[in-house]
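In this note's numbering, the protein residues as written are 35 to 327.
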């Protein structure tokens, strides 16, 4: 009588042979056969037979983008989190072949997943407040990311503001107005800059931005302009008055609340620039020349 392990090994290889017909690329077909052998060498026969076809979605994207799949967060983002676990068999198999997913790509995968979730809401078939405007704005934002005009996290913030605001309007049965904008921002002050971009995009100068924000922006903008005219100093944080001006101009934080912010609340991120974290809120301050326009 044939031993159980021998049967499971044969079944693993048989499953791999059947699976190769799911892929167009010869290289992927070779990979699935090699993966079966890798599983038999690095796991038990039972785990091998159970796992050999479990990673089909990952092998599918390998088949579609054989040379760049492990370097593209955009390609990897639709995959289930379980398929990209660092101890996942398929990922370990490809790492043994030298195809290692960089840490920065994995970080962007998480951001892309959030973006896809926002886009799914924005393009849903059911009607919601400002749905047409939201879809046009999402298309505009995606065009900008494709042209490298904005960063990935900026895209996420922009879409997050749209989703949050339109969800608020629908939940509270409100219409777009300065009053509804003010009420929303009272609960989500960190979204003001992103929401303003959305409102101005389809409403122009008539966008219902709060009157307080319009008045306060002038002096804060002049402080930012003066700072941004100075030569860039690497590794040096801007003075606290510039932080105040950026919070007020970019996010509409009332001047009366600014003294609560100290330099201990300011953090530096190599990708997004400065971030102010206070009382559970986060404000991104990407101080480039674009911010002063």
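Think of the CB as a built atom: it goes at the ideal place given N, C-alpha and C, for glycine as much as any other residue.
Item to check | Buried versus exposed, by CB contacts within 10 Å (16 or more), residue 287 | outcome: buried
Item to check | As assigned by DSSP and simplified to three states, the class of residue 157 | outcome: coil
Checklist entry - Residues bridged to residue 317 by DSSP? => result 310
Item to check | Classification of residue 192 by the beta-carbon crowding that lies within 10 angstroms, buried from 16 upward | outcome: buried
Checklist entry - According to DSSP, is residue 222 helix, strand or coil? => result coil
Checklist entry - Which value, in whole angstroms, describes the spacing of the CA atoms of residue 184 and residue 218? => result 25 Å
Item to check | Presumed contact (8 Å Cβ cut-off) between residue 163 and residue 203, rounded CB distance | outcome: 4 Å
Checklist entry - Nearest to residue 72 by alpha carbon, out of 197, 94, 205 and 43? => result 43
Checklist entry - residue 134: which of 88, 110, 87 and 173 sits nearest, CA to CA? => result 110
Checklist entry - Start and end of the alpha helix (DSSP H) containing residue 70? => result 60-76
Checklist entry - Identify the residues that DSSP records as bridge partners of residue 302: which are they? => result 308
Item to check | Distance, residue 213 Cα to residue 264 Cα | outcome: 38 Å
Checklist entry - When the Cα of residue 87 is compared with those of 54, 233 and 75, which residue comes out closest? => result 54
Item to check | residue 272: first and last residue of the uninterrupted alpha helix (DSSP H) it sits in | outcome: Unbroken run through residue 272: none, as it is neither H nor E.
Item to check | Beta-carbon spacing of residue 299, residue 316 below 8 Å | outcome: no
Checklist entry - Does the pairing of the region 140-148 with the region 169-180 give three or more beta-carbon distances under 8 Å? => result no
Next on the checklist: Tell me the DSSP secondary structure of residue 288 in three-state form.
Outcome noted: coil
Item to check | Assigned secondary structure, residue 175 (DSSP; H/G/I helix, E/B strand, else coil) | outcome: helix
Checklist entry - Using a beta-carbon distance below 8 Å, is residue 87 in contact with chain E? => result Of the chains in the structure shown, none is chain E; there is only one protein chain.
Checklist entry - How big is the Cα-Cα spacing for residue 318 and residue 308? => result 6 Å
Checklist entry - Are residue 152 and residue 236 closer than 8 Å when you measure CB to CB? => result no
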